[in-house]
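Line by line, the protein sequences give chains L and U. For what it's worth, my numbering labels the leading residue of the first sequence as 1, then goes sequentially. For what it's worth, my numbering labels the leading residue of the second sequence as 171, then goes sequentially. Structure first, commentary second.
Number of protein chains: 2
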Amino acid sequence: MTTAPEQLRGAGLRVTEPRLAIHAALLAHPHSTAAALIDYIAANASAAGISKQGVYNVLDDLAAAGMVRRIEPAGSAARFELRVGDNHHHLVCRICGRTEDVDCAVGEAPCLVPVSNSGFVLDEAEVVWWGRCADCAALTSTLSTSRSATPVEPIDSSNGTTAPTQEARV
Amino acid sequence: MTTAPEQLRGAGLRVTEPRLAIHAALLAHPHSTAAALIDYIAANASAAGISKQGVYNVLDDLAAAGMVRRIEPAGSAARFELRVGDNHHHLVCRICGRTEDVDCAVGEAPCLVPVSNSGFVLDEAEVVWWGRCADCAALTSTLSTSRSATPVEPIDSSNGTTAPTQEARV
DNA sequence: ACCCTTCCTTGACTGAGTCAAATGAAGGCG
DNA sequence: CGCCTTCATTTGACTCAGTCAAGGAAGGGT
Numbered sequence: 001m002t003t004a005p006e007q008l009r010g011a012g013l014r015v016t017e018p019r020l021a022i023h024a025a026l027l028a029h030p031h032s033t034a035a036a037l038i039d040y041i042a043a044n045a046s047a048a049g050i051s052k053q054g055v056y057n058v059l060d061d062l063a064a065a066g067m068v069r070r071i072e073p074a075g076s077a078a079r080f081e082l083r084v085g086d087n088h089h090h091l092v093c094r095i096c097g098r099t100e101d102v103d104c105a106v107g108e109a110p111c112l113v114p115v116s117n118s119g120f121v122l123d124e125a126e127v128v129w130w131g132r133c134a135d136c137a138a139l140t141s142t143l144s145t146s147r148s149a150t151p152v153e154p155i156d157s158s159n160g161t162t163a164p165t166q167e168a169r170v
Numbered sequence: 171m172t173t174a175p176e177q178l179r180g181a182g183l184r185v186t187e188p189r190l191a192i193h194a195a196l197l198a199h200p201h202s203t204a205a206a207l208i209d210y211i212a213a214n215a216s217a218a219g220i221s222k223q224g225v226y227n228v229l230d231d232l233a234a235a236g237m238v239r240r241i242e243p244a245g246s247a248a249r250f251e252l253r254v255g256d257n258h259h260h261l262v263c264r265i266c267g268r269t270e271d272v273d274c275a276v277g278e279a280p281c282l283v284p285v286s287n288s289g290f291v292l293d294e295a296e297v298v299w300w301g302r303c304a305d306c307a308a309l310t311s312t313l314s315t316s317r318s319a320t321p322v323e324p325i326d327s328s329n330g331t332t333a334p335t336q337e338a339r340v
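See below:
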């Protein structure tokens, strides 16, 4: 695993404090939104004072350099993560927005191939599973599945999943 | 196939001109954004004068009644379609936003099951294939795959796909 | 035909993200 | 070591999609 400064230089980008701070913040809090990153960095002195625009610029740069992956679940602001290039997928909680990784058994993109592609030249297959996380399911077990229960902004860090081999029909 | 007024009444909703107009607009232009629907309806006299808020309300109501499905591809405003309950998926063009349906061979949701679900209670598997539509691929065949080429707002009506049986690895 | 409930309109507002111009720092070159 | 060019960042205004809240209009059961 190469270090963040090495990765930056390798991509022809300068090594700056905002970039390192955002990289570190994403390491600590995968699946954070841009707003959550701004808050987190403001609270952790090192590079406090970085501007909103700065965060967006850095995220764009890191994404363009392939160091960061941007995911945009419906109904949520964009989220960012450092796991890149392994074509994994996500579980998203409809209620609190918690996002967790699910490994891709094959590891090549696109790992799902539609039979009819209508002339599209495909470059990625994105899979999102929607549901309720364990906590929200426990809280709402007897209530409706309504998409609009008081949502929380979780800077969550839970992450681990297994790497199963699996076969599924689409 | 039941008619729109029947479906509305069946869902306990009143049959109003805005609802019928939006239903008709979606029939003519699947995968339209709310903004596109507003423009289209304003141009087609029947229910011209419907307000922006009215369109959002109607779309929410129809979605709650299960008459309309809302899809929210990353980087685009929400889109709406009348195909509902068949758990089909989508191809989306990164360049112009064109969206097309891909049938689901199994027809039950969720049709993809992650082996590790981290305690999530799942209710939907969403699959989106990203790429370039035939037109955009032709225009940009020698250029970069940049996500930000002058985007067009297509009120497109292309729709047809086949219904294959398919097996894919996730 | 009446009246109650549901629906629609108006207009202000929020939140996420973008644009553009000016300032500031990184790091290659002499 | 220090300059200078180029790349980064800040600032602040702005856009776009969508929401909120309150008042007025219309559907449809009686």
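All residues carry an ideal CB built from backbone N, CA and C; glycine is no exception. None of these values were measured; they are calculated from a predicted model.
The three-state secondary structure of I220 of chain U, taken from DSSP, is coil.
When DSSP assignments are scanned along the stretch 211-273 of chain U, the uninterrupted stretches of beta strand (DSSP E) that are 3 or more residues long and fall wholly within it turn out to be 239-241, 249-251, 259-263 and 269-272. A contact between stretches requires three or more CB pairs, one per stretch, nearer than 8 Å, and the stretch 249-262 of chain U meets this requirement with the stretch 227-239 of chain U.
At a cut-off of 8 Å between beta-carbon atoms, S118 of chain L makes contact with chain U. Here V298 of chain U is near V262 of chain U, since their CB atoms are less than 8 Å apart. Shown here for R184 of chain U: same chain residues with a beta carbon closer than 8 Å to its own, the five before and five after excluded, namely L178 in chain order. For G301 of chain U, the enclosing beta strand (DSSP E) has its first and last residue at V291 to R302. For the pair L190 of chain U and A174 of chain U, the CB atoms are nearer than the 8 Å cut-off. Among the CB atoms of chain U, one or more fall inside 8 Å of the CB of D123 of chain L. Taking a C-beta cut-off of 9 Å against chain L, the contacting residues of the stretch 248-266 of chain U are A248, H259, L261, V262, C263 and R264, listed in chain order. Within chain U, the residues F290, V291, L292 and D293 have their CB atoms less than 9 Å from the CB of R132 of chain L, given in chain order. For T186 of chain U, DSSP records no beta bridge to any residue.
C-alpha of I41 of chain L to C-alpha of I50 of chain L: approximately 8 Å in a straight line. Closest by C-alpha distance to R70 of chain L, out of U:P243, U:R239 and U:V238, is U:P243. Interface flag for G245 of chain U against chain L is set, since a Cβ pair is found closer than 8 Å.
The beta carbon of E270 of chain U lies closer than 6 Å to those of L261 in the same chain, with the five residues before and after it left out. Out of L:K52, L:G97, L:V68 and L:P18, the CA that lies nearest to the CA of C133 of chain L is found in L:G97. The residues V92 and R94, in chain order, have a CB closer than 7 Å to that of W130 of chain L in the same chain once the five nearest residues on each side in sequence are set aside.
Distances from the CA of S246 of chain U to each of U:A204, U:I192 and U:D256 were compared; the closest alpha carbon is that of U:A204. Going by C-alpha positions, T2 of chain L is about 10 Å away from G10 of chain L. Here V68 of chain L is actually not in contact with A307 of chain U; their C-beta atoms are around 26 Å apart, not less than 8 Å.
For V298 of chain U, the chain L residues whose Cβ falls inside 9 Å of its Cβ are E124, A125, E126, V127 and V128, in order along the chain. T203 of chain U has U:R249 as its beta-bridge partners, per DSSP.
In the displayed model, A21 of chain L falls within a helix according to three-state DSSP. Restricting attention to L:E124, L:P18, L:L26 and L:E17, the CA atom closest to the CA of H88 of chain L is found in L:E124.
Non-local beta-carbon contacts of H201 of chain U in its own chain, meaning distances under 6 Å to residues more than five positions away in sequence, involve R249, E251 and T269 in chain order.
Taking P18 of chain L as the centre and dropping the five residues before and after it, the same chain places the C-beta of A47, I50, G54 and V58 closer than 7 Å to its C-beta, in chain order. Proximity to D256 of chain U across U:D305, U:E296 and U:H193 peaks at U:E296, based on C-alpha coordinates. For A307 of chain U, the secondary structure class from DSSP, reduced to helix, strand or coil, is helix. Of the other Cβ atoms in all chains shown, fewer than 16 fall within 10 Å of the Cβ of L197 of chain U; this residue is therefore exposed. The beta carbons of L207 of chain U and A194 of chain U sit no closer together than 8 Å. Residue state for A4 of chain L is assigned as helix, using DSSP reduced to three classes.
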